Each structure stands twice: as structure tokens, then as C-alpha cells.
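Following the numbering used here, the numbering of the sequence shown begins with 46 at its first residue and continues without gaps.
Glycine included, every Cβ here is placed at the ideal spot set by N, Cα and C.
Since this is a predicted model, take the numbers as computed values, not measurements.
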Amino acid sequence: MRLEEEFDISEDRALRITTLVRLLRGEGYEDVFGEYGSDRHQKLQEQLINELDKSLFEQSGNTIEERWNNLMDELDCQSRADNGVYLIPWSEHEADDWQNPGVTSSRP
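Shown next, in the form of C-alpha cells:
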């Protein structure tokens with residue numbers, strides 16, 4: 046809800062970001078957060094979970110997707126993931142399933 050208000054976006058658009066945060070904790074993304082308790086794990090916990098809206102607000106970009114992708118670059122997430130971490134533009138996102146946030150492994 047904070048993402049919807051802060052960035053004036055729809056619930057579906059906000060859900061794709063929070064869904065991707067959850068995916069970053071699972072299969073194909075095991076090394077993104079790093080070892081539990083590590084400095085990296087704590088940093089990503091703070092930036093992607095506890096303060097996601099603030100982290101996105103601090104990034105440059107005209108859309109929330111651009112801000113997310115810049116944050117992924119800043120946190121060096123793609124080099125640690127087997128699957129994509131970058132969000133495709135909202136206008137290109139056509140998933141029927143809410144669990145498909147529309148990601149790519151190369152910068153759109």
C-alpha cells in the first residue's frame with residue numbers, strides 16, 4: 046500500500062515489485078541476499094524489505110520499474126542471480142499470473 050501511495054501506481058503494479066522481492070529469496074536467486082546474517086543479507090533485508098519504498102524513492106528514474114532496476118544495479122543483484130532481476134516496463138507486462146512479475150536478466 047505504501048508503494049501505491051508513494052508512487053501513485055495501481056495495486057497490480059505494486060504487487061509485481063513485492064512479488065519479485067519474495068522471489069529473490071527463492072530458487073534461482075539463492076546468492077542474491079547472501080548468507081543469512083552476513084552484512085549483505087542485512088543490507089538487502091533493510092533496503093528491499095524493511096525500507097523498500099524509501100530505497101526506491103532514493104533512486105533516479107521516471108517509473109517505479111526504472112527505479113527498481115537502478116536499485117538492482119546498485120545492489121549488484123543480477124550478477125548473483127541465475128534468473129532475471131530487472132523489471133520489464135509496465136506497458137509490456139502481460140502476465141495472467143500475479144506470481145509472474147515480468148523480469149529479464151538484461152537491462153530493458
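Comparing alpha carbon positions, the residue from Val66, Ile54 and Glu50 closest to Thr108 is Ile54. Annotation for Thr64: the continuous alpha helix (DSSP H) segment containing it runs Glu56 to Leu68.
In terms of Cβ geometry, Leu89 and Leu101 do not form a close pair [threshold 8 angstroms]. The straight-line gap separating the alpha-carbon atoms of Ser150 and Glu96 is approximately 24 angstroms.
For the options Tyr74, Asp57, Met46 and Arg125, the alpha carbon positioned closest to that of Glu139 is the one of Asp57. For Pro153, the number of other beta carbons within 10 angstroms of its own is below 16, and it is reported as exposed.
Around the beta carbon of Arg67, a 10 Å sphere encloses fewer than 16 other beta carbons of the protein chains shown; the residue is thus reported as exposed.
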